[in-house]
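For the protein sequence lines, the chains are A and B, in the order given. Those letters in the first sequence? Residues 1 to 111, per my numbering, in order. Those letters in the second sequence? Residues 1001 to 1116, per my numbering, in order.
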Amino acid sequence: QKEVEQNSGPLSVPEGAIASLNCTYSDRGSQSFFWYRQYSGKSPELIMFIYSNGDKEDGRFTAQLNKASQYVSLLIRDSQPSDSATYLCAPEGKGRRALTFGSGTRLQVQP
Amino acid sequence: DGGITQSPKYLFRKEGQNVTLSCEQNLNHDAMYWYRQDPGQGLRLIYYSQIVNDFQKGDIAEGYSVSREKKESFPLTVTSAQKNPTAFYLCASSQPGSGLGNTEAFFGQGTRLTVV
């Protein structure tokens, strides 16, 4: 079983809609998670970090963590064409474990 | 400015050759990583190092080798044993924390390797 699972997509939403990206994880010991955005041909960049159950909001982005159900999600409100990218989920990699990433979900925002 | 520098940005390799990808960071991070990314795919871990002079294999280490002689540097050699090396290679670093695990990973700009 992979440590992190994501739907590869593409997830297509119209401009202005809410995009919902999901990630499930297998290690119940994972305490916190990163969401990265990767534009085509570029390196990933951090957009959100969440370490407690519930929601964390930053501008148009909201990360949600549910440790009981072992999933973490990213909501993007008022989606823009510039949000079109691949979104990667990663647990924090506690201890000596390396940072591992989900396979990513490709988001397409249609103008 | 602090960051991670990968070089070269583009690299062409003839079949049977070994090539080395450079990764240097001045963030004073203890942990460094190499990932491979194929078109439309996620990041797959090749090797990682949590401290100088120590490194561990990731999920796809076969055909690759690394060294970590200095904290700032973590070069990756793609050997001739790697039969399908054409890919986008990303180097990253982070700082292992005491409670919440690693801090965020900072990435270099990547090296695009092509076999010719």
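For each residue, glycine too, the CB sits at the ideal point set by N, CA and C.
Check the Cα spacing between B:Ser-1067 and each of B:Glu-1015, B:Ala-1105, B:Gln-1041 and B:Thr-1077: the tightest is with B:Thr-1077.
By the 16-neighbour rule on beta-carbons within 10 angstroms, B:Ser-1007 is exposed. Out of A:Val-109, A:Asn-7, A:Arg-106 and A:Gly-29, the CA that lies nearest to the CA of A:Asn-66 is found in A:Gly-29. In this structure, the straight-line span from the alpha carbon of B:Gln-1109 to that of A:Phe-49 is close to 21 Å.
One alpha carbon belongs to B:Asn-1018, the other to A:Ala-68, and they sit about 47 Å apart. Within chain B, no C-beta atom comes nearer than 8 Å to that of A:Gly-16; the closest sits roughly 27 Å away. Judged by beta-carbon spacing, A:Asp-58 lies beyond the 9 Å limit of A:Gln-64, meaning their Cβ atoms are not closer than that value. Around A:Leu-46, the beta-carbon contacts reaching into chain B at under 7 Å are Glu-1104. DSSP, reduced to helix, strand and coil, places B:Ser-1022 within a strand of the structure shown. In this structure, B:Met-1032 and B:Phe-1074 form a Cβ contact; the two beta carbons are roughly 4 Å apart against a cut-off of 8 Å. Counting the other Cβ atoms within 10 Å of the Cβ of A:Tyr-36 gives 16 or more, which makes it buried. The Cβ atoms of A:Ser-79 and A:Ala-19 sit closer than 9 Å to each other. The three-state reading of DSSP puts B:Pro-1039 in coil, since its state is none of H, G, I, E or B. Contact annotation: in the stretch 85-109 of chain A, residues whose CB is within less than 9 Å of a CB in chain B are Thr-86, Leu-88, Ala-90, Pro-91, Glu-92, Gly-93, Lys-94, Gly-95, Arg-96, Arg-97, Ala-98, Leu-99, Thr-100, Phe-101, Gly-102, Ser-103, Gly-104 and Arg-106.
At least one CB of chain B lies nearer than 9 Å to the CB of A:Lys-42. Think of a sphere of 8 Å around the beta carbon of B:Leu-1090: the chain A residues whose beta carbon falls inside it are Ser-43 and Pro-44, in chain order. Not a single CB atom of chain B sits nearer than 9 Å to the CB of A:Tyr-39.
Using beta-carbon distances, B:Ala-1081 does not count as an interface residue toward chain A, since no partner is under 9 Å. Under the three-state reduction of DSSP output, A:Asp-58 falls in the strand class. Shown here, B:Pro-1096 sits in a strand according to DSSP, grouped into three states.
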